[in-house]
Amino acid sequence: MLNQTITGQNKDDPVPNNEIITAPICMVKTRQQEKDQNIWTPWEGGHSETELHKMQENDPDLGPLLKWKESGHRPTNSDIQQNSAATRHYWHIWDSIVIINGLLYKNFSRRDGVEDHTQFLVPFLLKREILEKMHNSLLSGHLGKKKTKAKLSQRYYWYEMREDIDIWISQCDICGANKHPHKSSRAQLGTMPVGAPLDRLATDFLGPIPTTPRGNKFILTVTDYFTKWVEVFPVKDQTAVVCAQLILNEVICRFGSPLAIHSDQGRAYESQILQELCKILEIRKTRTSPRNPKCNGQTERFNRSIVSMIKSYLRGEQTNWDMNLGCLAGAYRASPNESTCLTPNILMLGREVRLPYELIHKGHLLDPNEADTSWGNHALKIKERMQRAHCVARKHLEVTCKRRKDYYDNKTNLYEYKVSDKVWYRNEIKREGICPKLQPLFIGPCLVTKKINDLNYEIQMDGHSKRKVVNHDKLKPYNGQSHPRWIKKFKV
1 MLNQTITGQN
11 KDDPVPNNEI
21 ITAPICMVKT
31 RQQEKDQNIW
41 TPWEGGHSET
51 ELHKMQENDP
61 DLGPLLKWKE
71 SGHRPTNSDI
81 QQNSAATRHY
91 WHIWDSIVII
101 NGLLYKNFSR
111 RDGVEDHTQF
121 LVPFLLKREI
131 LEKMHNSLLS
141 GHLGKKKTKA
151 KLSQRYYWYE
161 MREDIDIWIS
171 QCDICGANKH
181 PHKSSRAQLG
191 TMPVGAPLDR
201 LATDFLGPIP
211 TTPRGNKFIL
221 TVTDYFTKWV
231 EVFPVKDQTA
241 VVCAQLILNE
251 VICRFGSPLA
261 IHSDQGRAYE
271 SQILQELCKI
281 LEIRKTRTSP
291 RNPKCNGQTE
301 RFNRSIVSMI
311 KSYLRGEQTN
321 WDMNLGCLAG
331 AYRASPNEST
341 CLTPNILMLG
351 REVRLPYELI
361 HKGHLLDPNE
371 ADTSWGNHAL
381 KIKERMQRAH
391 CVARKHLEVT
401 CKRRKDYYDN
411 KTNLYEYKVS
421 DKVWYRNEIK
431 REGICPKLQP
441 LFIGPCLVTK
451 KINDLNYEIQ
461 MDGHSKRKVV
471 NHDKLKPYNG
481 QSHPRWIKKF
491 KV
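Heads up: the sequence shown runs through residues 1 to 492, numbered per full-length UniProt numbering.
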């Protein structure tokens, strides 16, 4: 009857080959067969069921459990006290563990009830292989801890699996070199206290900026730490000669020699010319750690202000940014500073400069208290005024410095490295032909060779390069298992 329905002929009639009608045949499955089909193969193409059975049987944690399950007898609580913590854990979830095809599995049920499946109980000998394939392989993608745990839990289970995954990923060199830490390193804010004008000058180059018709492409800025007095100079390049000449002729010759000059590690500031100038004038030269602009925050903050002021007066002509630099610097010096609550003019000159808008009030051009024709009395009044202003500025600077430090230190994530510790160093080196976004975020492992202070460390990056001093925030702990030969041979 079935053949007649399909072919349209009786069973005994001959059927031409070209008239046979094919029909799909669906295999009937029981519910148990469908359930067994959802069992994940422990490792595709890796181990047979016999090999996996032997691994579970010989495993010190799963072996006793397999025997108990095969016998169908659950031991009492007192009988398992001499077993391992893992075996006792499996004993507590006895009802969830089943034997399928001679192998131990655990029934897993999602809390949301979306899907139920079984998890293969992994013996110790397979843990490393599974972690390698599920995290390090090309199809695994070196995902983070959360996603790796979710992916593994779909197929496998073992005692303290989450902890093992955390350790495995934290020791992965590829993840360490290419991923940001969950909480970035952040040391406490260091301070550079000053108490008088010219105690310390900070200098920096700003640019490159669009070249002007006069050939200028950069801005050299000089800032006094105490008075916040600023000087800005448009320059054509960042050479050491230009830098040294401007600092000497336009700053030192006008205001005197500072006690210290602070800068980054640019070529102009590390040149022999500037070093000789500081040596002759007995100026202490300090510098930031490499690629760490926070160490020169005084000039970095002013650079942001001067760029904003320049943009306000460009009127669409970007090539004329050098036309009004002197006026903009004068406007900055005539404004009260947030830290000192006084203007740089009063702290550096002892008086406020006369501004053009004051010409409207001609009757107020002369202060009645200064109508003394005696030069001696005038000089004494100027001196007293500057002393009072400096005293007020010191108090405000102290309060402001403490407030900013307390605010910054609230987010401190300080890690104390010791000599011989291995670390990752943030990769900020730009190479021609290499996209910065596609290069590793960190270089390592590097070796800590010396602790300068809580903010700076001396590290060795490989067996051939020179040691370099770096900031704490550029480092993160190295947890990998790599031990390069040069580190083993290196003597701190």
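Cβ coordinates follow ideal geometry from the N, Cα and C atoms, glycine included.
Checklist line | Start-to-end residues for the beta strand (DSSP E) that takes in Gln-119 | finding: Taking the first residue of the sequence shown as position 1, residue 119 is located at position 119. Per DSSP, Gln-119 belongs to the beta strand (DSSP E) from 116-121.
Checklist line | Chain-order list of residues whose beta-carbon lies under 8 Å from that of Ala-389 (same chain, five-residue window excluded) | finding: Sequence index remark: in the sequence shown, residue 389 carries index 389 (1-based). Leu-342, Ile-346, Leu-347 and Gly-350, listed in sequence order.
Check: In chain order, which continuous runs of the beta strand (DSSP E) of length 3 or greater are located wholly inside the segment 255-308?
Finding: Segments of the beta strand (DSSP E) lying fully in the segment 255-308: 260-263 and 284-287.
Check: Helix, strand or coil: which one does DSSP assign to Pro-445?
Finding: Taking the sequence shown and counting its residues from 1, one reaches residue 445 at position 445. In the structure shown, Pro-445 sits in a strand (DSSP, three-state: E or B).
Margin query: Given this structure, state the Cα-to-Cα distance separating Gln-82 from Thr-50, to the nearest angstrom.
Written below: Counting from one through the sequence shown, the residue named residue 82 turns up at place 82. Counting from one through the sequence shown, the residue named residue 50 turns up at place 50. About 28 Å.
Check: Since Leu-455 and His-472 are thought to touch, with beta carbons under 8 Å apart, how far apart are those beta carbons, to the nearest angstrom?
Finding: Position 455 of the sequence shown, counting from 1, holds the residue named residue 455. Position 472 of the sequence shown, counting from 1, holds the residue named residue 472. Confirmed, Cβ separation roughly 5 Å.
Next item on the list: Could you have a look at Ser-109 and say whether DSSP puts it in helix, strand or coil?
Entry: What you label residue 109 is simply residue 109 of the sequence shown in a count that begins at 1. Looking at Ser-109 - three-state DSSP - the assignment turns out to be strand.
Next item on the list: Assign Glu-231 to buried or exposed, taking buried as 16 or more other Cβ atoms, counted over all protein chains shown, within 10 Å of its Cβ.
Entry: As a working mapping, residue 231 is identified with position 231 in the sequence shown. Buried, because 16 or more other Cβ atoms sit within 10 Å of the Cβ of Glu-231.
Note to self: Please classify Ala-85 as buried or exposed, where buried requires at least 16 other C-beta atoms within 10 Å of its C-beta.
What the structure shows: Residue 85 sits at position 85 when you count from the first residue of the sequence shown. It is exposed - the Cβ of Ala-85 has fewer than 16 other Cβ atoms within 10 Å.
Check: Taking the C-alpha atoms as reference points, what is the distance between His-135 and Tyr-159?
Finding: Taking the first residue of the sequence shown as position 1, residue 135 is located at position 135. Taking the first residue of the sequence shown as position 1, residue 159 is located at position 159. Going by the C-alpha atoms only, they are around 19 Å apart.
Checklist line | For Trp-68, the three-state DSSP class (helix, strand or coil) | finding: On the sequence shown, position 68 is the one that residue 68 refers to. In this structure, Trp-68 counts as helix in the three-state DSSP scheme.
Item checked: Beta-carbon proximity list for Pro-440, same chain, < 7 Å, skipping 5 on both sides -> Reading the sequence shown from its first residue, position 440 is the one you call residue 440. Cβ within range, chain order: Ala-177, Asn-178 and Asn-427.
Item checked: Limits of the unbroken alpha helix (DSSP H) element including Val-242 -> In the sequence shown, counting from the first residue as 1, residue 242 sits at position 242. First-last of the alpha helix (DSSP H) with Val-242: 240-246.
Next item on the list: Would you mind stating whether Phe-218 and Val-235 have Cβ atoms separated by less than 8 Å?
Entry: As a working mapping, residue 218 is identified with position 218 in the sequence shown. As a working mapping, residue 235 is identified with position 235 in the sequence shown. Their beta carbons are under 8 Å apart, which means Phe-218 touches Val-235 by this criterion.
Notebook entry, point to check: So what does Glu-231 bridge to, in DSSP terms?
Noted result: Within the sequence shown, the letter at position 231 stands for residue 231. Paired residues: Val-222.
Check: If you scan the segment 146-182 from start to end, which runs of the alpha helix (DSSP H) of 4 or more residues do you find wholly inside it?
Finding: 161-170 and 173-178
Note to self: Going by C-alpha to C-alpha distance, which of Ala-187, Leu-259 and Lys-151 sits closest to Pro-197?
What the structure shows: Position 197 of the sequence shown holds residue 197. When only C-alpha atoms are compared, the closest one is Leu-259.
Item checked: C-alpha gap between Lys-430 and Glu-270, whole angstroms -> Locating residue 430 in the sequence shown gives position 430, counting from the first residue. Locating residue 270 in the sequence shown gives position 270, counting from the first residue. The straight-line gap from Cα to Cα measures roughly 20 Å.
Notebook entry, point to check: What is the residue span of the alpha helix (DSSP H) that Arg-485 lies within?
Noted result: Counting from 1 along the sequence shown, the entry for residue 485 is found at position 485. Residues 485-489.
Next item on the list: Please indicate yes or no: does the CB of Asn-216 lie closer than 7 Å to some heavy atom of the ligand NAD?
Entry: Judged by which ligands are present, the structure shown has none, so any question about the ligand NAD falls away.
Next item on the list: Assign Leu-281 to one of two classes, buried (16 or more other C-beta atoms within 10 Å of its C-beta) or exposed (fewer than that).
Entry: Position 281 of the sequence shown, counting from 1, holds the residue named residue 281. Flag for Leu-281 reads exposed.
Check: If we ignore side chains and look at the alpha-carbon of each, how far apart do Leu-220 and Asp-237 end up?
Finding: Here the question's residue 220 lines up with position 220 in the sequence shown. Here the question's residue 237 lines up with position 237 in the sequence shown. Approximately 10 Å, taken between the alpha carbons.
Check: Considering only the beta carbon of each residue, do Tyr-332 and Ser-305 sit closer than 8 Å?
Finding: Residue numbering aside, residue 332 sits at position 332 when the sequence shown is read from its first letter. Residue numbering aside, residue 305 sits at position 305 when the sequence shown is read from its first letter. At a Cβ-Cβ threshold of 8 Å, Tyr-332 and Ser-305 count as neighbours.
Checklist line | Own chain partners of Trp-40 with C-beta closer than 6 Å, once the 5 adjacent residues on each side are dropped | finding: The sequence position of residue 40 within the sequence shown is 40, counting from 1. A caution first: Trp-40 carries a pLDDT of 44, below 50, which makes its placement in the model unreliable, though a value can still be read off. Result list for Trp-40: Arg-155, in chain order.
Next item on the list: Report the option in Arg-404, Trp-94, Trp-229 and Val-470 whose CA atom is closest to the CA atom of Pro-293.
Entry: As a working note, residue 293 is residue 293 in the sequence shown. Checked all of Arg-404, Trp-94, Trp-229 and Val-470; the closest Cα to Pro-293 is Val-470.
Check: Does the distance from the C-beta atom of Cys-401 to that of Thr-191 stay below 8 Å?
Finding: Working through the sequence shown from its first residue, we reach residue 401 at position 401. Working through the sequence shown from its first residue, we reach residue 191 at position 191. Yes, the Cβ-Cβ distance between Cys-401 and Thr-191 is below 8 Å.
Next item on the list: Tell me whether Pro-344 sits in a helix, a strand or coil according to DSSP, three-state version.
Entry: As a first step, residue 344 is located in the sequence shown; it is residue number 344 there, counting from the start. Note: Pro-344 maps to helix in three-state DSSP.
Notebook entry, point to check: Between Val-251 and Ser-170, what straight-line distance do the alpha-carbon atoms span, to the nearest angstrom?
Noted result: As a working note, residue 251 is residue 251 in the sequence shown. As a working note, residue 170 is residue 170 in the sequence shown. The straight-line gap from Cα to Cα measures roughly 52 Å.
Margin query: Whole angstroms are fine: how far does the CA of Cys-253 sit from the CA of Gln-245?
Written below: Here the question's residue 245 lines up with position 245 in the sequence shown. Here the question's residue 253 lines up with position 253 in the sequence shown. When rounded, the distance between both Cα atoms is 11 Å.
Check: Can you tell which of Asp-421, Val-242, Phe-233 and Met-323 has its C-alpha closest to the C-alpha of Asn-303?
Finding: Here residue 303 refers to the residue found at position 303 of the sequence shown. Comparing Cα positions, the closest option is Phe-233.
Checklist line | Close Cβ partners of Pro-64 (< 7 Å) along its chain, the five nearest in sequence each way excluded | finding: The count along the sequence shown starts at 1 and reaches residue 64 at position 64. Within the same chain, Pro-64 has close Cβ partners Asn-83 and Thr-87.
Note to self: DSSP has Asn-427 in a bridge; who is on the other side?
What the structure shows: Numbered from 1 along the sequence shown, position 427 holds the residue referred to as residue 427. BP columns for Asn-427 are empty, so no partner.
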